Amino acid sequence: VARFYIAEIILAIEAMHDCDIVYRDVKPENVLLFSDGHVKITDFGLSKLGISSVGGAMQGSVASTFCGTPEYIAPEILIGIGHGKSVDM
117 VARFYIAEII LAIEAMHDCD IVYRDVKPEN VLLFSDGHVK ITDFGLSKLG
167 ISSVGGAMQG SVASTFCGTP EYIAPEILIG IGHGKSVDM
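For the sequence shown, our numbering assigns the number 205 to the last residue and increments by one with no breaks.
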């Protein structure tokens, strides 16, 4: 059962990344389980459009905003090297 939900979360994040959106706030509180048995990601307040890179060292657009929930924040954001899609994994 857990594998199914994790797979759905990964597919949702991949779909966002395919549209050059970085979510930047992946945490359990932002994943809702619906009565049909599927999960949905909510709260796109910190998401960023137009980020095409995987990480701060890759070519392409990166973000440098310090944001996220402290308990779940990515190391790239903490050290301020610029971040891309890798912060969602």
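Note that beta-carbon positions come from the ideal geometry of N, C-alpha and C, so glycine has one too. Since we're looking at a predicted model, the values are computed, not measured.
| message | Since Tyr-284 and Val-155 should fall inside the 8 Å C-beta cutoff, what is the C-beta to C-beta distance between them, to a whole number of angstroms? | response | Any question about residue 284 goes unanswered here, given that the chain covers just 117 to 205.
| Which residues in the same chain have their Cβ closer than 8 Å to the Cβ of Thr-158, if we skip the five residues on either side of it in sequence? | The residue you call residue 158 lines up with position 42 of the sequence shown. For Thr-158, the CB contacts under 8 Å within the same chain, skipping 5 residues up- and downstream, are Asn-146, Val-147, Leu-148 in chain order.
| query | Are Phe-182 and Ile-197 closer than 8 Å when you measure CB to CB? | reply | The sequence position of residue 182 within the sequence shown is 66, counting from 1. The sequence position of residue 197 within the sequence shown is 81, counting from 1. Their beta carbons are not under 8 Å apart, which means Phe-182 does not touch Ile-197 by this criterion.
| query | Hey, Leu-165 and Gly-184 are a contact pair by Cβ (cut 8 Å); roughly how many whole angstroms apart? | reply | As a working mapping, residue 165 is identified with position 49 in the sequence shown. As a working mapping, residue 184 is identified with position 68 in the sequence shown. Leu-165 to Gly-184, Cβ: 17 Å. No contact.
| task | Within 10 angstroms of the Cβ of Ala-179, are there 16 or more other Cβ atoms? Answer buried if so, exposed if not. | result | Against the sequence shown, residue 179 aligns to sequence position 63. Buried is the call here.
| Among Gly-153, Met-132, Ser-177, His-199, which has the Cα closest to the Cα of Val-117? | Mapped onto the sequence shown, residue 117 falls at position 1. For Val-117, the closest C-alpha among the options Gly-153, Met-132, Ser-177, His-199 is that of Gly-153.
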